[in-house]
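In the numbering used here, the protein residues as written are 62 to 363.
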């Protein structure tokens, strides 16, 4: 789409360097990068001080060019999500930070998930495993998991997990502070199903869901931290470079599906980051382009 504006493209690739394949055709070098997060498009004169074809283009054409990388990242992620979610029966699971959150698209159901088990507890002595999520108690659905457990202290109950496993367990009447009747730490998982007309568009809809969830979660974390005067929560919740490396390493051990899912999510993250109004990012170029239009003045590329 950049070529249609008449601006020469020096490089166009899927993924980021180092390059594992490349081919020169005309003025453009096409390549495939070893880092599969979106793509790269280098246009003529973009970072040069000299006058270029890019500088002579109209405002809407410059905006189209600057937004091209972001659009490519979203399209790349949407394509991956289409095959991933489609191969899973147009359903996906996602741990949620705050239970009140609802995804914009798809039908959603939330369930409590086991994220920790205390030693010498009823859960430790049962078949419950970390990662199990509970869909029913004694064959009935519930809205308040902890409330039902508290009502059945000392009585055997049957927990049914999402994979169909049935677990007989007796919530204890007395227990150490902070452990609860079962001796488990709970998180929450959302299961979202795409139906009907959502299926053909699932790649784009799922991308939108992930973007909305990311922004909503970050906003909720900041709000919770300031409300409780605990800024350290922000640092604990948001992954830096070391955290991202650890997540990537863990994901690589979980199979191809999770690897592709991580690539799609990071592709969206790269696209959103590229829209930030900071130097060298397309977001800054978009702002300067708009300011040039408003002020009828061309800014120096320095």
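Ideal Cβ placement from N, Cα and C applies to all residues, glycine included.
Can you grab the Cα-Cα spacing for the pair residue 240 / residue 175, in whole Å? Working through the chain shown from its first residue, we reach residue 240 at position 179. Working through the chain shown from its first residue, we reach residue 175 at position 114. So the alpha carbons of these two residues sit roughly 13 Å apart.
Are residue 329 and residue 271 touching if we call contact CB-CB under 8 Å? The residue labelled residue 329 in the question sits at position 268 within the chain shown. The residue labelled residue 271 in the question sits at position 210 within the chain shown. For residue 329 and residue 271, yes; Cβs fall inside 8 Å.
In three-state terms, what does DSSP make of residue 280? By one-based count along the chain shown, residue 280 stands at place 219. Residue 280 falls in the helix class under three-state DSSP.
Is residue 325 helix, strand or coil when you go by DSSP? Start at 1 with the first residue of the chain shown, and residue 325 comes out as number 264. DSSP places residue 325 in helix when its eight states are reduced to three.
For residue 219, is the classification buried or exposed, using 16 other Cβ atoms within 10 angstroms of its Cβ as the cut-off for buried? Residue numbering aside, residue 219 sits at position 158 when the chain shown is read from its first letter. It is exposed - the Cβ of residue 219 has fewer than 16 other Cβ atoms within 10 Å.
Do residue 93 and residue 85 come within 8 Å of each other at the CB atom, strictly closer than that value? The count along the chain shown starts at 1 and reaches residue 85 at position 24. The count along the chain shown starts at 1 and reaches residue 93 at position 32. Not a contact, by the Cβ cut-off of 8 Å.
Give the DSSP bridge partners of residue 133, in chain order. For this step, residue 133 is matched to residue 72 along the chain shown. None, per the DSSP bridge assignment.
State yes or no: is the C-beta of residue 274 within less than 8 Å of the C-beta of residue 162? Translated into positions along the chain shown, residue 274 becomes position 213. Translated into positions along the chain shown, residue 162 becomes position 101. Going by C-beta atoms, residue 274 is nearer than 8 Å to residue 162.
Just to check my reading of the structure: residue 250 and residue 285 have Cβ atoms closer than 8 Å, yes? What is that Cβ distance to the nearest angstrom? The residue given as residue 250 occupies position 189 in the chain shown. The residue given as residue 285 occupies position 224 in the chain shown. With a Cβ gap of about 20 Å, residue 250 and residue 285 do not count as contacting.
Quick one: grab the DSSP three-state call for residue 354. Numbered from 1 along the chain shown, position 293 holds the residue referred to as residue 354. Three-state result, residue 354: helix.
Inspect the beta-carbon positions of residue 243 and residue 210 and report whether they are closer than 8 Å. Position 182 of the chain shown holds residue 243. Position 149 of the chain shown holds residue 210. Going by C-beta atoms, residue 243 is nearer than 8 Å to residue 210.
With DSSP as the reference, identify every bridge partner of residue 171, one or two as the case may be. Your numbering for residue 171 matches position 110 in the chain shown. In the DSSP output, where bridge partners are listed per residue, residue 171 has 251.
To the nearest angstrom, how far is the alpha carbon of residue 216 from that of residue 179? Within the chain shown, the letter at position 155 stands for residue 216. Within the chain shown, the letter at position 118 stands for residue 179. Residue 216 and residue 179: Cα-Cα distance of roughly 20 Å.
Span separating the alpha-carbon of residue 138 from that of residue 157: The sequence position of residue 138 within the chain shown is 77, counting from 1. The sequence position of residue 157 within the chain shown is 96, counting from 1. Those two C-alpha atoms are separated by around 21 Å.
Extent of the continuous alpha helix (DSSP H) run through residue 208: Residue 208 sits at position 147 when you count from the first residue of the chain shown. Run containing residue 208: 206 to 212, per the alpha helix (DSSP H) assignment.
Span of the beta strand (DSSP E) around residue 158: The sequence position of residue 158 within the chain shown is 97, counting from 1. Run containing residue 158: none; DSSP gives neither H nor E here.
Give me the DSSP bridge partner(s) of residue 194. For the purposes of this step, residue 194 is taken as the residue at position 133 of the chain shown. In the DSSP output, where bridge partners are listed per residue, residue 194 has 174.
Could you please give the first and the last residue of the uninterrupted beta strand (DSSP E) stretch that includes residue 227? Here residue 227 refers to the residue found at position 166 when the chain shown is read from its first residue. Start and end: 227 to 230.
Cα separation between residue 248 and residue 221? Counted from its first residue, the chain shown places residue 248 at position 187. Counted from its first residue, the chain shown places residue 221 at position 160. Distance between the alpha carbons of residue 248 and residue 221 is about 16 Å.
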